[in-house]
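Written out below as structure tokens is the structure these notes cover.
Protein chains: 2
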Amino acid sequence: MTPGLTAVAWDGDAVLYLDQRWLPNEARYERARSADDVAEAIASLAVRGAPCIGVFGAYGVALLRRTIADDAEFRRAAQRVRAARPTAVNLGWAVDRVLAAADPLQEARAIHDEQIAIDDAIASYGLELIRKGARVLTHCNTGPLATAGGGTALGVIIAAQRGGKKPRVFLGETRPLLQGSRLNYLELEAAGVDAVLIVDSAAAVAMREHRIDLVIVGADRIARNGDTANKVGTYALAILAAHHGIPFYVAAPRSTFDFSIAGGADIPIEERSAEEVVSFRGQRVAPDGAAAYNPAFDVTPGHLITAFVTECGIVRPPYGDSISDLELRPLVLPAHR
Amino acid sequence: MTPGLTAVAWDGDAVLYLDQRWLPNEARYERARSADDVAEAIASLAVRGAPCIGVFGAYGVALLRRTIADDAEFRRAAQRVRAARPTAVNLGWAVDRVLAAADPLQEARAIHDEQIAIDDAIASYGLELIRKGARVLTHCNTGPLATAGGGTALGVIIAAQRGGKKPRVFLGETRPLLQGSRLNYLELEAAGVDAVLIVDSAAAVAMREHRIDLVIVGADRIARNGDTANKVGTYALAILAAHHGIPFYVAAPRSTFDFSIAGGADIPIEERSAEEVVSFRGQRVAPDGAAAYNPAFDVTPGHLITAFVTECGIVRPPYGDSISDLELRPLVLPAHR
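As given, the protein sequences belong to chains A and B, one line each in that order.
Under numbering that gives the first Met the number 0, the final residue of the first sequence carries the number 336; numbering is consecutive throughout.
Under numbering that gives the first Met the number 0, the final residue of the second sequence carries the number 336; numbering is consecutive throughout.
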């Protein structure tokens with residue numbers, strides 16, 4: 000966890016969360032006490048990052064079970080939480096687990112504890128991919144704030160730093176909501192990593208001029224053929240990496256794989272308000288009424304992805320086979336930590 | 000010219016200019032009266048766009064010739080203007096023309112009048128590339144505000160609209176300074192063009208989901224082999240266009256070609272302050288002291304460019320030959336306007 004920053008936590012009669020929209024300027028903590036509070040915190044991106052909204056949603060449903068006596072009403076409230084964002088698969092998966100559990104709070108805590116262990120395992124496996132002094136490019140935030148554990152892609156980078164590999168990390172600022180500038184930089188700085196911000200459109204020139212060794216990103220949903228939904232801009236980075244002969248890795252827990260869908264065309268892509276593009280924290284940057292196309296995610300075809308880094312190990316092509324194996328594989332956390 | 004907006008104009012004892020940094024919120028006009036004023040307006044991007052800073056620099060040097068009696072002092076002042084930005088070739092070219100002229104003001108006015116005629120010719124030739132209802136993607140601002148004429152890439156798009164072709168135009172917002180959101184949208188709206196803003200990193204998904212027909216951008220300097228320096232992000236768009244099988248055009252006057260250099264490695268690339276990336280109009284978006292890599296331009300290799308649209312016609316590969324022809328070709332403005 001970033002020193003001093005806790006993404007989400009159980010708080011007795013509420014779910015405590017950090018409203019990440021105010022970072023890095025302010026660390027504002029809020030308490031969610033109702034289905035509306037939980038759903039709104041997710042929809043507004045106060046709490047974000049596919050694994051983190053899974054953990055938050057799990058605590059949220061555990062809270063609703065305590066506060067709503069009527070069973071039908073409770074299930075409706077849980078569905079409201081489940082539907083707060085459509086693209087990440089972790090939220091639906093976590094809500095369903097808590098709904099099916101005898102002790103909802105215990106189940107939510109188990110999901111949180113597992114996320115921490117899973118992130119550690121991802122970091123251990125990912126570490127092998129990073130050579131000493133590597134130049135790494137990443138996009139969007141995938142650190143502790145995004146998972147409520149140690150992070151996925153950023154967890155790998157932070158583990159490399161702790162392992163003495165001293166990576167140099169180029170961070171796409173990640174418009175429109177600037178998770179790269181606001182969150183990644185904060186987390187890497189706390190871990191002592193040498194980090195450099197770029198505007199997203201400078202990724203290609205950074206790859207060429209700074210001889211990037213690898214790209215590593217997170218994911219919101221991965222189909223059976225390896226097609227991967229992640230923050231908008233990921234698809235472009237995968238094409239640019241292929242053009243420059245740079246390996247492109249996706250670090251994600253097994254809960255991000257949606258084994259029920261064959262390919263990326265089946266992943267629902269959330270389109271968000273034009274307002275995120277045409278204004279910045281209330282300051283208008285385009286003429287009034289300007290139209291914008293604002294998909295929150297895009298889908299990177301599996302054939303552009305070198306490998307997936309999961310808590311069960313590195314998953315390589317052909318993905319039809321290796322992702323089917325992943326579904327069936329028992330989880331063995333690596334021994335070397 | 001955008002209705003009501005004049006980029007630069009001669010004003011008797013000063014050069015009038017629109018401080019574009021405040022658009023679209025405010026149309027602030029300023030008067031440059033000294034070499035410092037002119038150089039500062041260019042360096043700060045109050046006046047920007049390769050052809051426009053050429054016209055502005057020309058008027059600036061004409062002004063200095065009137066206000067500085069001492070010849071050596073005048074030449075030093077002109078050099079200060081000439082050095083205000085390193086990448087665009089038009090500024091140096093225009094300053095040199097005015098320095099060599101018997102009547103500096105007349106020469107500056109001639110450069111401005113020629114730019115207007117040249118932009119019209121570029122628009123006429125470019126029109127042929129756009130089919131009815133085409134979906135066009137562009138980056139940075141290349142309209143009247145960028146040239147002090149009718150524009151280059153945006154001039155082509157506006158001509159297509161006037162010709163009844165009703166293009167649909169996707170505009171990269173163009174971080175860090177948001178010329179796409181702030182300036183392009185304003186100019187296209189004034190021309191009645193159907194425009195849609197995107198964050199720069201959404202270009203790849205827009206190409207795929209909205210079946211973009213062509214990309215057209217401007218340029219700051221073009222080498223003899225077709226390598227093209229333009230606003231950062233252009234290189235990425237050219238790779239993404241090639242990946243999707245989309246033609247990639249560069250619209251630029253002959254004055255943007257630097258016939259003295261063989262390839263892109265010889266083009267000086269201006270690196271600007273990290274401040275442009277880590278803050279927005281005074282609002283910080285990254286932790287204090289955050290490092291950033293902020294190249295203002297990148298170089299797109301000629302082999303990724305389908306053709307150049309110039310006032311002398313469409314220039315196609317092989318560029319070694321066709322750009323040498325362009326250097327020698329007499330300018331004949333197209334008859335069909």
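Backbone N, C-alpha and C fix where the C-beta goes; we use that ideal spot for every residue, glycine too.
Task: Whether Pro-294 (chain A) touches Ile-268 (chain A) by CB criterion (8 Å) - done: In the first sequence, the residue the question calls residue 294 (chain A) occupies position 295. In the first sequence, the residue the question calls residue 268 (chain A) occupies position 269. Contact: yes.
- [ ] Using the Cα positions of Val-277 (chain A) and Leu-196 (chain B), report the straight-line distance between them to the nearest angstrom.
- [x] Residue numbering aside, residue 277 (chain A) sits at position 278 when the first sequence is read from its first letter. Residue numbering aside, residue 196 (chain B) sits at position 197 when the second sequence is read from its first letter. A straight line joining the alpha-carbon of Val-277 (chain A) with that of Leu-196 (chain B) spans about 8 Å.
- [ ] Under the assumption that Glu-172 (chain B) contacts Pro-143 (chain B) (Cβ atoms under 8 Å), give the Cβ distance between them as a whole number of angstroms.
- [x] Here residue 172 (chain B) is taken as the residue at index 173 of the second sequence, counted from 1. Here residue 143 (chain B) is taken as the residue at index 144 of the second sequence, counted from 1. Rounded, the Cβ-Cβ distance is 19 Å, inconsistent with contact.
Task: Segments assigned beta strand (DSSP E), at least 3 residues, entirely inside the segment 207 to 247 of chain A - done: Those beta strand (DSSP E) runs which fall completely within the segment 207 to 247 of chain A and span 3+ residues are 213 to 216, 227 to 230.
Open item on the list: With a threshold of 6 Å on Cβ separation, who are the neighbours of Leu-136 (chain A) within its own chain once the five nearest residues in sequence on each side are excluded?
Closed with: Your numbering for residue 136 (chain A) matches position 137 in the first sequence. Listed in chain order, the non-local C-beta contacts of Leu-136 (chain A) below 6 Å within the same chain comprise Phe-169, Ile-211, Val-214, local neighbours out to five positions each way being set aside.
Open item on the list: Taking the alpha-carbon of Asn-229 (chain B) as reference, which of B:Gly-301, B:Arg-161, B:Ser-200, B:Gly-288 has the nearest alpha-carbon?
Closed with: Counting from one through the second sequence, the residue named residue 229 (chain B) turns up at place 230. Looking at the Cα atoms, B:Gly-301 is the closest of the given residues.
Open item on the list: DSSP three-state label for Tyr-338 (chain B), please.
Closed with: Summary: the structure shown does not reach residue 338 (chain B), with chain B confined to residues 0 through 336, and so no result is reported for it.
Task: Assigned exposure category for Tyr-318 (chain A) - 16 Cβ within 10 Å defines buried - done: Taking the first residue of the first sequence as 1, we reach residue 318 (chain A) at position 319. Per the 10 Å Cβ criterion, buried.
Open item on the list: Would Pro-103 (chain A) pass as an interface residue toward chain B - the criterion being a Cβ-Cβ separation below 8 Å?
Closed with: Locating residue 103 (chain A) in the first sequence gives position 104, counting from the first residue. Chain B, which has no Cβ nearer than 8 Å to the Cβ of Pro-103 (chain A), makes this no.
Task: 4 or more residues per run - each alpha helix (DSSP H) lying fully within the segment 27 to 53 of chain A - done: Complete alpha helix (DSSP H) runs here, min 4: 34 to 42.
Task: Cβ-based contacts, 7 Å cut-off: residues of the segment 270 to 303 of chain B near chain A - done: Per Cβ criterion, the list reads Val-276, Val-277, Phe-279, Arg-280, Gln-282, Arg-283, Val-284, Ala-285, Pro-286, Ala-289, Ala-290, Ala-291, Tyr-292, Pro-294, Asp-297.
Task: Bridge-paired residues (DSSP) for Asp-415 (chain B) - done: This structure does not reach residue 415 (chain B), given that chain B is present from 0 up to 336, and the question cannot be answered.
TODO: Step through the CB atoms of chain E and report whether any lies within less than 8 Å of the CB of Pro-143 (chain B).
DONE: This model lacks chain E altogether, as its protein chains are A and B.
Task: Expected contact under 8 Å - CB spacing of His-111 (chain A) and Val-46 (chain A) to nearest Å - done: As a working mapping, residue 111 (chain A) is identified with position 112 in the first sequence. As a working mapping, residue 46 (chain A) is identified with position 47 in the first sequence. With a contact defined as Cβ atoms closer than 8 Å, His-111 (chain A) and Val-46 (chain A) miss out at about 13 Å.
TODO: Say whether chain B places a C-beta atom closer than 8 Å to the C-beta of Ala-18 (chain A).
DONE: In the first sequence, counting from the first residue as 1, residue 18 (chain A) sits at position 19. Note that residue 18 (chain A) corresponds to Asp in the displayed sequence, not to Ala. It does not: the Cβ of Asp-18 (chain A) has no partner Cβ on chain B nearer than 8 Å.
Task: N-terminal and C-terminal residue of the beta strand (DSSP E) that Phe-73 (chain A) is part of - done: As a position in the first sequence, residue 73 (chain A) is number 74, starting the count at 1. From DSSP, Phe-73 (chain A) is part of no beta strand (DSSP E) but of the alpha helix (DSSP H) over 70 to 81.
Task: Close Cβ partners of Arg-27 (chain A) (< 6 Å) along its chain, the five nearest in sequence each way excluded - done: Sequence index remark: in the first sequence, residue 27 (chain A) carries index 28 (1-based). Answer for Arg-27 (chain A): Asp-18, Trp-21, listed in chain order.
TODO: Measure the C-alpha to C-alpha separation of Ser-200 (chain B) and Ile-221 (chain A) and round it to an integer number of angstroms.
DONE: Residue 200 (chain B) sits at position 201 when you count from the first residue of the second sequence. Residue 221 (chain A) sits at position 222 when you count from the first residue of the first sequence. So the alpha carbons of these two residues sit roughly 20 Å apart.
Open item on the list: For a contact defined as C-beta to C-beta under 7 Å, what are the partners of Glu-188 (chain A) on chain B?
Closed with: The sequence position of residue 188 (chain A) within the first sequence is 189, counting from 1. Going along chain B in sequence order, the residues near Glu-188 (chain A) (Cβ under 7 Å) are Pro-286.
Task: Interface positions of the segment 250 to 265 of chain B facing chain A (Cβ-Cβ less than 8 Å), listed along the chain - done: The segment 250 to 265 of chain B vs chain A, Cβ under 8 Å: nothing.
Open item on the list: I'd like to know whether the C-beta of Ser-33 (chain A) is nearer than 8 Å to at least one C-beta of chain B.
Closed with: Counting from 1 along the first sequence, the entry for residue 33 (chain A) is found at position 34. Chain B contact via Cβ: absent.
TODO: Ignore the nearest five residues each way along the sequence and tell me which others in Tyr-184 (chain A)'s own chain have a CB closer than 8 Å to its CB.
DONE: Indexing the first sequence from 1 puts residue 184 (chain A) at position 185. Cβ neighbours of Tyr-184 (chain A) beyond the five flanking positions: Pro-23, Leu-170, Ala-194, Leu-196.
Open item on the list: Please list, in chain order, the residues of the segment 166 to 178 of chain B that have any C-beta partner in chain A closer than 8 Å.
Closed with: Of all residues in the segment 166 to 178 of chain B, those with a C-beta nearer than 8 Å to a C-beta of chain A are Phe-169, Gly-171, Glu-172, Thr-173, Arg-174, Pro-175, Leu-177, reading in chain order.
TODO: Please check the pair Ala-13 (chain A) and Ala-42 (chain A), which I expect to be a contact at CB under 8 Å, by giving their CB distance rounded to whole angstroms.
DONE: For the purposes of this step, residue 13 (chain A) is taken as residue 14 along the first sequence, with counting starting at 1. For the purposes of this step, residue 42 (chain A) is taken as residue 43 along the first sequence, with counting starting at 1. Contact doesn't hold; Cβ gap of about 18 Å is too wide.
Task: Distance between beta carbons of Ala-158 (chain A) and Ala-205 (chain A), contact taken as under 8 Å - done: As a position in the first sequence, residue 205 (chain A) is number 206, starting the count at 1. As a position in the first sequence, residue 158 (chain A) is number 159, starting the count at 1. Contact check for Ala-205 (chain A) and Ala-158 (chain A): beta-carbon distance about 23 Å, past the 8 Å limit, so the pair fails to qualify.
Open item on the list: Rounded to whole angstroms, what is the Cα-Cα separation between Gly-262 (chain B) and Arg-223 (chain B)?
Closed with: Position 263 of the second sequence, counting from 1, holds the residue named residue 262 (chain B). Position 224 of the second sequence, counting from 1, holds the residue named residue 223 (chain B). Straight-line Cα distance between these residues: approximately 6 Å.
Task: Whether Asp-118 (chain A) touches Gly-162 (chain A) by CB criterion (8 Å) - done: Sequence index remark: in the first sequence, residue 118 (chain A) carries index 119 (1-based). Sequence index remark: in the first sequence, residue 162 (chain A) carries index 163 (1-based). One thing to note: Asp-118 (chain A) has its Cβ no nearer than 8 Å to the Cβ of Gly-162 (chain A).
Task: Cutoff 6 Å; reference Gly-11 (chain A); Cβ partners in own chain excluding five residues on either side - done: Position 12 of the first sequence, counted from the first residue, corresponds to residue 11 (chain A). The beta carbon of Gly-11 (chain A) lies closer than 6 Å to none in the same chain, with the five residues before and after it left out.
Open item on the list: In the DSSP assignment, the beta strand (DSSP E) including Val-277 (chain A) goes from what residue to what residue?
Closed with: In the first sequence, counting from the first residue as 1, residue 277 (chain A) sits at position 278. Annotation: Val-277 (chain A) is outside any beta strand (DSSP E); the continuous alpha helix (DSSP H) that includes it extends over 274 to 277.
Task: Straight-line gap, Arg-336 (chain A) to Arg-134 (chain B) (C-alpha atoms, nearest Å) - done: Numbered from 1 along the first sequence, position 337 holds the residue referred to as residue 336 (chain A). Numbered from 1 along the second sequence, position 135 holds the residue referred to as residue 134 (chain B). Only weak support exists for where Arg-336 (chain A) lies, its pLDDT of 39 falling under 50; the coordinates are left without a value.
TODO: Compute the Euclidean distance between the alpha carbons of Lys-354 (chain B) and Tyr-124 (chain B), then round it to the nearest angstrom.
DONE: No statement about residue 354 (chain B) is possible, as the shown extent of chain B runs from 0 to 336 and does not include it.
TODO: Count the other C-beta atoms from every protein chain shown that fall within 10 angstroms of the C-beta of Ala-323 (chain B), then say buried if there are 16 or more, exposed otherwise.
DONE: Taking the first residue of the second sequence as position 1, residue 323 (chain B) is located at position 324. The amino acid occupying residue 323 (chain B) in the given sequence is Ser; Ala does not appear at that position. Flag for Ser-323 (chain B) reads exposed.
Task: Coil, strand or helix - Ile-110 (chain A) by DSSP - done: Residue numbering aside, residue 110 (chain A) sits at position 111 when the first sequence is read from its first letter. Helix at Ile-110 (chain A).
Open item on the list: Distance cutoff 8 Å, beta carbons only. Does Arg-210 (chain B) sit that close to anything in chain A?
Closed with: As a first step, residue 210 (chain B) must be located in the second sequence, where it is residue number 211. Output row for Arg-210 (chain B): interface = no.
Open item on the list: Closer than 8 Å between beta carbons: that is the criterion. Which residues of the segment 194 to 226 of chain A meet it against chain B?
Closed with: Taken in chain order, the members of the segment 194 to 226 of chain A whose beta-carbon sits within less than 8 Å of a beta-carbon on chain B are Ala-194, Val-195, Leu-196, Ile-197, Val-198, Asp-199, Ser-200, Ala-201, Ala-202, Ala-203, Val-204, Ala-205, Arg-207, Glu-208, His-209.
Task: Integer-rounded CB distance, given that Val-60 (chain A) should sit under 8 Å from Ala-77 (chain A) - done: Numbered from 1 along the first sequence, position 78 holds the residue referred to as residue 77 (chain A). Numbered from 1 along the first sequence, position 61 holds the residue referred to as residue 60 (chain A). Between Ala-77 (chain A) and Val-60 (chain A) the beta-carbon gap is near 5 Å, inside 8 Å, which marks them as a contact.
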